[in-house]
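Chains as they are written, first to last, in our numbering: chain A, 1 to 317; chain B, 318 to 634.
Think of the CB as a built atom: it goes at the ideal place given N, C-alpha and C, for glycine as much as any other residue.
Small disclaimer: the values here were computed from a predicted structure and weren't measured.
1) For the beta strand (DSSP E) that residue 501/B lies in, which residues bound it at each end?
2) Just to confirm, is the Cβ distance from residue 139/A to residue 125/A under 7 Å?
3) First and last residue of the alpha helix (DSSP H) that includes residue 626/B?
4) In whole angstroms, what is the alpha-carbon distance linking residue 96/A and residue 196/A?
5) Taking its Cβ as the centre, do 16 or more other Cβ atoms sit within 10 Å of residue 531/B, making it buried, or is it exposed?
6) Among 160/A, 109/A, 204/A and 76/A, which residue has its Cα nearest to the Cα of residue 221/A?
7) What do you reckon, are the CB atoms on residue 312/A and residue 471/B nearer than 7 Å?
8) Determine the DSSP secondary structure at residue 234/A, reduced to helix, strand or coil.
9) Counting only Cβ-Cβ distances shorter than 8 Å, please list the residues of the stretch 58-82 of chain A near chain B, keeping chain order.
10) Taking CB distances under 7 Å as the criterion, tell me whether residue 126/A reaches chain B.
11) Name the DSSP bridge partner or partners of residue 149/A?
12) With contact counted as at least three CB pairs below 8 Å, one residue from each stretch, are the stretch 558-570 of chain B and the stretch 614-633 of chain B in contact?
13) Between the C-alpha atoms of residue 80/A and residue 419/B, what's the straight-line distance to the nearest angstrom?
14) Could you confirm whether any beta carbon from chain B is found closer than 7 Å to the beta carbon of residue 296/A?
15) Use the C-beta contact count for residue 57/A: other C-beta atoms within 10 angstroms, 16 or more gives buried, fewer gives exposed.
16) According to the neighbour-count rule (16 or more other Cβ atoms, all chains shown, within 10 Å of its Cβ), is residue 68/A buried or exposed?
17) Using the C-alpha atoms, what's the distance from residue 466/B back to residue 591/B?
18) Taking Cβ positions only, does residue 589/B come closer than 7 Å to chain A?
19) Which runs of the alpha helix (DSSP H) at least 4 residues long sit entirely within the stretch 359-406 of chain B? Give them in chain order.
20) Under a three-way DSSP split, which group does residue 275/A fall into?
21) State whether the stretch 265-281 of chain A contacts the stretch 227-247 of chain A, with contact taken as three or more CB pairs (one from each stretch) at a distance under 8 Å.
22) Does the beta-carbon of residue 542/B, which I'm using as the reference point, lie nearer than 6 Å to any heavy atom of the ligand GDP?
23) Under 7 Å between C-beta atoms, does residue 279/A make it to chain B?
24) Check the Cβ of residue 173/A against every Cβ in chain B and list those closer than 9 Å, keeping chain order.
25) Measure the alpha-carbon distance for residue 459/B versus residue 162/A and round it to whole angstroms.
26) Inspect the beta-carbon positions of residue 424/B and residue 370/B and report whether they are closer than 7 Å.
27) Starting from the beta carbon of residue 135/A, find every residue of chain B whose beta carbon is closer than 9 Å, and list them in chain order.
28) DSSP on residue 425/B, reduced to helix/strand/coil?
29) Where do the N-terminal and C-terminal ends of the beta strand (DSSP E) with residue 261/A fall, by residue?
30) So, does the CB of residue 155/A fall closer than 7 Å to a CB anywhere in chain B?
31) Can you list the residues of chain A that residue 418/B reaches, using a CB-CB cut of under 8 Å?
32) In angstroms, rounded to a whole number, what distance separates the CA positions of residue 524/B and residue 518/B?
33) Suppose the cutoff is 8 Å on Cβ atoms and the five residues either side in sequence are ignored; what does the same chain contact list for residue 612/B look like?
34) With three or more beta-carbon pairs closer than 8 Å as the criterion, would you say the stretch 177-187 of chain A touches the stretch 16-25 of chain A?
35) Quick one: what does DSSP say residue 207/A is sitting in, helix, strand or coil?
36) So residue 541/B is in the beta strand (DSSP E); what residue range does that whole segment cover?
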């Protein structure tokens with residue numbers, strides 16, 4: 001099958017691209033390299049079934065041309081920077097919502113009818129129940145990132161109804177693993193490399209979050225697009241556990257053999273719009289037969305090992 | 318108080334503008350006259366407390382300048398055309414979602430911190446329960462209109478959290494009354510004027526919808542902005558009843574003294590993305606002390622009288 005993958009040079013996108021190629025598929029990858037890295041496409045570039053288009057999703061002409069012949073779209077490109085949304089509110093609108101509309105319009109122009117979309121558990125904002133199911137009550141958004149992703153989901157759904165498309169909307173917890181380039185493990189690792197004797201922690205260390213290993217995430221997505229029958233298929237993707245920031249710190253420091261002084265900024269949130277508790281009910285995707293292979297602790301450890309083995313990742317940032 | 322009203326020449330916007338002026342406030346009205354009508358501002362234009370800016374919400378420079386000195390924003394401008402969304406999907410994104418971001422950014426630039434927004438019961442799409450409460454489960458959008466309005470809600474909420482704004486989000490049923498210019502009463506009235514002997518009806522006539530009289534809608538909004546204390550205040554606005562299309566036809570025909578042959582297109586939806594049942598739980602706004610003064614039947618009758626007395630409305634369209 002011929003896949004179109006937006007954000008093909010990103011963390012999840014490049015791992016997915018490698019997997020699709022390994023499975024014998026063709027991939028047209030699209031990336032503007034704003035955060036994607038050429039080095040993540042070293043494997044893919046060896047394949048004659050891979051074609052790279054360097055372009056921005058706001059360039060509708062280039063985008064539409066690049067989709068010619070595609071049979072399935074993985075729309076993973078995004079501004080995934082949750083924390084700094086208020087520094088540039090329009091960026092989330094453009095890179096997440098308008099970009100998604102452009103992908104949908106490109107699909108319509110090319111008669112591509114199936115799309116998988118990387119949404120986020122952040123759309124639940126401060127959810128009323130945990131683990132949070134897909135049918136949680138209409139949330140009040142607290143971050144521009146969550147707002148822009150839920151907005152994108154809405155347009156995808158309306159296109160499915162209006163134009164006979166089929167969609168797979170995946171609400172991710174934070175993803176960890178090889179080619180991970182931003183998030184708390186990244187920040188802590190970089191700090192500890194610079195000053196192993198202390199660690200600055202946003203909030204009070206008690207924020208509870210969920211994580212998922214990138215290959216488990218890809219397994220789940222590929223299973224869903226093969227087997228979910230609905231017009232709009234929405235799945236939470238996460239593990240059936242959560243950890244708090246202090247747990248994660250202890251695993252990272254343990255792996256690195258460090259015992260830094262912990263300096264907390266205080267407060268129950270890391271930043272404005274931070275959700276102090278993210279824990280998703282993943283019963284729907286599990287009902288398809290999927291199980292994550294790694295625990296959160298294993299995923300954190302593997303991510304620390306990746307960063308240790310690839311110093312260029314934290315040096316470039 | 319100095320109000321900024323986007324969509325001031327529209328159906329709800331012009332009625333609100335008149336009310337605010339009658340209550341002694343200042344109003345800066347903003348409209349691109351894409352569907353708004355200059356004649357609706359005849360009253361307002363007599364007041365030296367009213368200033369009109371002809372401009373589009375996509376013109377961010379003009380918009381931002383127009384908001385100077387405003388203390389409260391009523392953002393009512395929208396592409397309110399639900400039925401033809403699939404003819405031009407980008408229009409809903411631009412006029413409803415991006416336009417709202419522009420209003421929010423204009424407010425931020427001018428340090429205006431309070432906004433009321435006309436959302437819609439269409440965001441509930443095919444709701445799982447009736448009457449539908451504000452905390453209904455996350456809906457799957459079926460129309461570009463609903464998608465674009467829920468997307469706008471999301472950004473408003475994120476701005477409230479990120480920038481300390483206060484919002485009042487009103488999810489309207491269909492509004493009826495003086496200055497009504499589109500919707501089923503309009504369509505039926507125009508048909509009956511052209512060919513009183515028959516009436517073409519989309520769907521099977523059994524779609525169940527709710528309606529609210531425009532002055533009742535304005536009463537509710539003004540009460541909420543005076544008394545609701547939250548950061549994000551979300552209210553359904555409707556009556557505690559619904560009617561089906563056939564009920565509405567009988568009231569319209571009865572008022573006009575006509576007995577047309579009814580020609581049904583068939584099917585349980587009027588068009589792709591039409592919700593066959595809209596009935597909102599309005600307990601939240603009622604808990605503030607609001608009650609609608611007119612029933613749906615009275616609102617339909619009053620709308621027919623308005624159209625009869627103002628033939629220019631249906632002739633212009």
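By the coordinates alone:
1) Here residue 501/B corresponds to residue number 184 of the second chain, with the count starting at 1. Residue 501/B: not part of any beta strand (DSSP E); member of the alpha helix (DSSP H) spanning 501-511, first to last residue.
2) As a first step, residue 139/A must be located in the first chain, where it is residue number 139. As a first step, residue 125/A must be located in the first chain, where it is residue number 125. A contact, by the Cβ cut-off of 7 Å.
3) Start at 1 with the first residue of the second chain, and residue 626/B comes out as number 309. Start and end: 613-626.
4) Taking the first chain and counting its residues from 1, one reaches residue 96/A at position 96. Taking the first chain and counting its residues from 1, one reaches residue 196/A at position 196. Take the alpha-carbon of residue 96/A and the one of residue 196/A: they are about 36 Å apart.
5) In the second chain, the residue the question calls residue 531/B occupies position 214. That one is buried.
6) Counting from one through the first chain, the residue named residue 221/A turns up at place 221. Among 160/A, 109/A, 204/A and 76/A, the Cα nearest to that of residue 221/A belongs to 76/A.
7) The sequence position of residue 312/A within the first chain is 312, counting from 1. The sequence position of residue 471/B within the second chain is 154, counting from 1. No, they are not a contact pair.
8) By one-based count along the first chain, residue 234/A stands at place 234. Reduced to three states, the DSSP call for residue 234/A is strand.
9) none
10) If you number the first chain from 1, residue 126/A lands on position 126. Taking Cβ atoms only, chain B never reaches closer than 7 Å to residue 126/A, which makes this a no.
11) Your numbering for residue 149/A matches position 149 in the first chain. The partner list for residue 149/A (beta bridge, DSSP) is empty, contrary to what the question assumes.
12) yes
13) Within the first chain, numbered from 1, the residue matching residue 80/A stands at position 80. Within the second chain, numbered from 1, the residue matching residue 419/B stands at position 102. Distance between the alpha carbons of residue 80/A and residue 419/B: 22 Å.
14) The count along the first chain starts at 1 and reaches residue 296/A at position 296. No, no contact with chain B.
15) Here the question's residue 57/A lines up with position 57 in the first chain. When all chains shown are included, residue 57/A counts as buried.
16) One-based indexing of the first chain puts residue 68/A at position 68. Looking at its Cβ environment, which holds fewer than 16 other Cβ atoms inside 10 Å, residue 68/A is exposed.
17) In the second chain, residue 591/B corresponds to position 274, counting from 1. In the second chain, residue 466/B corresponds to position 149, counting from 1. Going from the Cα of residue 591/B to the Cα of residue 466/B covers about 15 Å.
18) On the second chain, position 272 is the one that residue 589/B refers to. Taking Cβ atoms only, chain A reaches closer than 7 Å to residue 589/B, which makes this a yes.
19) Runs of the alpha helix (DSSP H) inside the stretch 359-406 of chain B: 359-362 and 377-383.
20) The residue given as residue 275/A occupies position 275 in the first chain. DSSP places residue 275/A in coil when its eight states are reduced to three.
21) yes
22) This structure simply doesn't include the ligand GDP, nor any ligand for that matter.
23) For the purposes of this step, residue 279/A is taken as residue 279 along the first chain, with counting starting at 1. Judged by the 7 Å Cβ criterion, residue 279/A is not in contact with chain B.
24) Locating residue 173/A in the first chain gives position 173, where the first residue counts as 1. By Cβ distance, chain B contributes nothing, its closest Cβ being about 17 Å from residue 173/A, past 9 Å.
25) The residue given as residue 459/B occupies position 142 in the second chain. The residue given as residue 162/A occupies position 162 in the first chain. Rounded to the nearest angstrom, the two C-alpha atoms are 7 Å apart.
26) If you number the second chain from 1, residue 424/B lands on position 107. If you number the second chain from 1, residue 370/B lands on position 53. Result no, Cβ atoms of residue 424/B and residue 370/B do not sit closer than 7 Å.
27) The residue given as residue 135/A occupies position 135 in the first chain. Near residue 135/A (Cβ distances below 9 Å), the residues of chain B are 445, 454 and 455.
28) Here the question's residue 425/B lines up with position 108 in the second chain. Residue 425/B: helix per DSSP, three-state reduction.
29) Indexing the first chain from 1 puts residue 261/A at position 261. Looking at the DSSP string, the run of the beta strand (DSSP E) that includes residue 261/A is 261-264.
30) Numbered from its first residue, the first chain carries residue 155/A at position 155. Chain B, which has a Cβ nearer than 7 Å to the Cβ of residue 155/A, makes this yes.
31) Looking up residue 418/B in the second chain gives position 101. Those within 8 Å of residue 418/B in chain A are 89, 90 and 93.
32) Taking the first residue of the second chain as position 1, residue 524/B is located at position 207. Taking the first residue of the second chain as position 1, residue 518/B is located at position 201. Cα-Cα distance, rounded: 11 Å.
33) Taking the first residue of the second chain as position 1, residue 612/B is located at position 295. Only 556 and 558 meet the Cβ criterion.
34) The stretch 177-187 of chain A, when compared against the stretch 16-25 of chain A, does not touch it at the 8 Å Cβ threshold.
35) Locating residue 207/A in the first chain gives position 207, where the first residue counts as 1. In the three-state DSSP reduction, residue 207/A falls in the coil class, being neither helix nor strand.
36) For the purposes of this step, residue 541/B is taken as the residue at position 224 of the second chain. Boundaries around residue 541/B are those of the alpha helix (DSSP H), 531-544, since no beta strand (DSSP E) includes it.
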